[in-house]
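Have a look at the structure below, then the notes.
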Amino acid sequence: MAEMIQVETQGRVGLIRLYRPQALNALCDQLMEELGSQLAAFDADPAIGAIVLTGSEKAFAAGADIKEMQPRTYPLEDFIGKRWESILRIRKPVIAAVAGFALGGGCELAMMCDTIFAADTAKFGQPEINLGVIPGAGGTQRLTRAVGKAKAMDLVLTARMMDAAEAERAGLVSRIFPADQLLAETLKVAERIAALSPVAVGFAKDCVNRAFETTLTEGVRYERALFLSLFGTPHQREGMAAFVEKRKPDFSA
Ligand code: CO8
Numbered sequence: 001m002a003e004m005i006q007v008e009t010q011g012r013v014g015l016i017r018l019y020r021p022q023a024l025n026a027l028c029d030q031l032m033e034e035l036g037s038q039l040a041a042f043d044a045d046p047a048i049g050a051i052v053l054t055g056s057e058k059a060f061a062a063g064a065d066i067k068e069m070q071p072r073t074y075p076l077e078d079f080i081g082k083r084w085e086s087i088l089r090i091r092k093p094v095i096a097a098v099a100g101f102a103l104g105g106g107c108e109l110a111m112m113c114d115t116i117f118a119a120d121t122a123k124f125g126q127p128e129i130n131l132g133v134i135p136g137a138g139g140t141q142r143l144t145r146a147v148g149k150a151k152a153m154d155l156v157l158t159a160r161m162m163d164a165a166e167a168e169r170a171g172l173v174s175r176i177f178p179a180d181q182l183l184a185e186t187l188k189v190a191e192r193i194a195a196l197s198p199v200a201v202g203f204a205k206d207c208v209n210r211a212f213e214t215t216l217t218e219g220v221r222y223e224r225a226l227f228l229s230l231f232g233t234p235h236q237r238e239g240m241a242a243f244v245e246k247r248k249p250d251f252s253a
């Protein structure tokens, strides 16, 4: 039974709420293990089409757990990879709904999701430099790809926080909502995605992510192969027939 996350489903959407209220959802090993298991369970469940990951009003997550890391000394095993990278293996879309602090590992976790929706209260940052370390779960890489070198360098070197408006302008965040509407609006978007063809949605996610891993020519070749293979699915036939027949498509079959 998970203690540090709360799990619900709403229609075809799986909702995971990080839940360590006494520590601003600091991402300790136990929490990350619970999160990884639940993400994998939703990914394997055909009744779920999209996943929303959120925190509390005050914090999405204020970072990796500093108290847990404090006694660690070099040389040490990679305590990050096995717990933090499970989210990257999820084939269904994962939307981060961020209110309050998303700092350090919290910002990195949000950036591992497929897109970020933010409350107007959200604050993003990579303050690890203040602790005598640097981001360790992809922050220097994903933030730089999301917002460009100048702003990423500014955030990583100064530890300053960026508010939701700045994060949206910079391209880190896709949409901003008033804090009291963040979850409802995010769930609406997730439900819409969850009603689409799961194969097409998975391929679309995979192709956009591929853009970060390969050259343009290879990426376009990959996209085309997946696009063409979708013509072997009933969902392509249903989607296009529904358009021609002026009705809503039904991708549930
Ligand atoms: N780790 C552990 N405990 C935390 C963390 C954290 N990251 N953040 C907050 N807490 C705890 C506080 O210690 C406090 O607990 P207690 O009441 O027992 O003292 C409680 O949460 C409430 O926090 P505050 O009293 O500090 O709340 P404020 O509203 O005054 O301040 C802040 C909020 C500004 C967010 C402040 O808590 C803060 O600066 N937190 C730390 C932010 C930070 O430095 N994050 C980066 C951590 S390092 C990291 O993420 C590296 C990632 C590397 C990859 C992953 C490796 C596993």
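Counted the way UniProt numbering counts, the sequence shown spans residues 1 to 253. Each residue gets a CB set at the ideal place from its N, CA and C atoms; glycine is no exception.
beta-carbon residue i near the ligand CO8 non-hydrogen atom, thresh 7 Å
i           : result
residue 209 : no
residue 90  : no
residue 71  : no
residue 163 : no
residue 101 : yes
residue 78  : no
residue 241 : no
residue 82  : no
residue 64  : yes
residue 108 : yes
residue 36  : no
residue 131 : yes
residue 21  : no
residue 26  : yes
residue 104 : yes
residue 33  : no
residue 191 : no
residue 57  : no
residue 85  : no
residue 168 : no
residue 127 : yes
residue 67  : yes
Nonlocal neighbours in the same chain, by C-beta distance under 7 Å from residue i, ignoring five residues either side
i           : result
residue 115 : 95, 174
residue 248 : 242
residue 6   : 17, 19
residue 183 : 54, 97
residue 38  : 2, 5, 7, 16
residue 235 : 197, 199, 200, 251
residue 40  : 86
Short Cβ contact (8 Å threshold) for residue i with residue j
i           : j           : result
residue 2   : residue 26  : no
residue 66  : residue 18  : no
residue 156 : residue 139 : yes
residue 186 : residue 117 : yes
residue 142 : residue 161 : no
residue 260 : residue 159 : This structure cannot speak to residue 260, because the chain is shown only from 1 to 253.
residue 254 : residue 23  : Given a span of 1 to 253 for the chain in the structure shown, any question on residue 254 remains unanswerable.
residue 93  : residue 56  : no
Rounded distance between the beta-carbons of residue j and residue i, thought under 8 Å
i           : j           : result
residue 100 : residue 58  : 4 Å
residue 49  : residue 198 : 6 Å
residue 53  : residue 113 : 6 Å
residue 170 : residue 149 : The pair is not a contact, with the Cβ atoms about 12 Å apart (cut-off 8 Å).
residue 176 : residue 190 : Residue 176 to residue 190, Cβ: 17 Å. No contact.
residue 145 : residue 212 : 6 Å
residue 109 : residue 147 : In fact, because the Cβ distance is near 17 Å, the residues do not count as touching under 8 Å.
Cβ neighbours of residue i in the same chain (closer than 6 Å, five flanking residues each side left out)
i           : result
residue 76  : none
residue 36  : 86
residue 219 : 210, 211
residue 221 : none
CB contact check: residue i to chain C, cutoff 8 Å
i          : result
residue 24 : Absent from the structure: chain C. Only one protein chain is present.
Residue i beta carbon near the ligand GDP (any heavy atom closer than 7 Å)
i           : result
residue 135 : The model depicted lacks the ligand GDP and carries the ligand CO8 instead.
Same chain only: Cβ atoms within 8 Å of residue i, ignoring 5 sequence neighbours per side
i          : result
residue 91 : 43, 202, 205, 206
residue 13 : 48, 49, 50, 51, 52, 187, 190, 191, 194
residue 30 : 3, 4
**Prompt:** Are there three or more Cβ pairs, one per stretch, closer than 8 Å when the region 80-96 is compared with the region 123-132?
**Reply:** no
**Asked** Within the chosen definition, does the region 186-202 reach the region 232-240 through at least 3 CB pairs nearer than 8 Å?
**Response** yes
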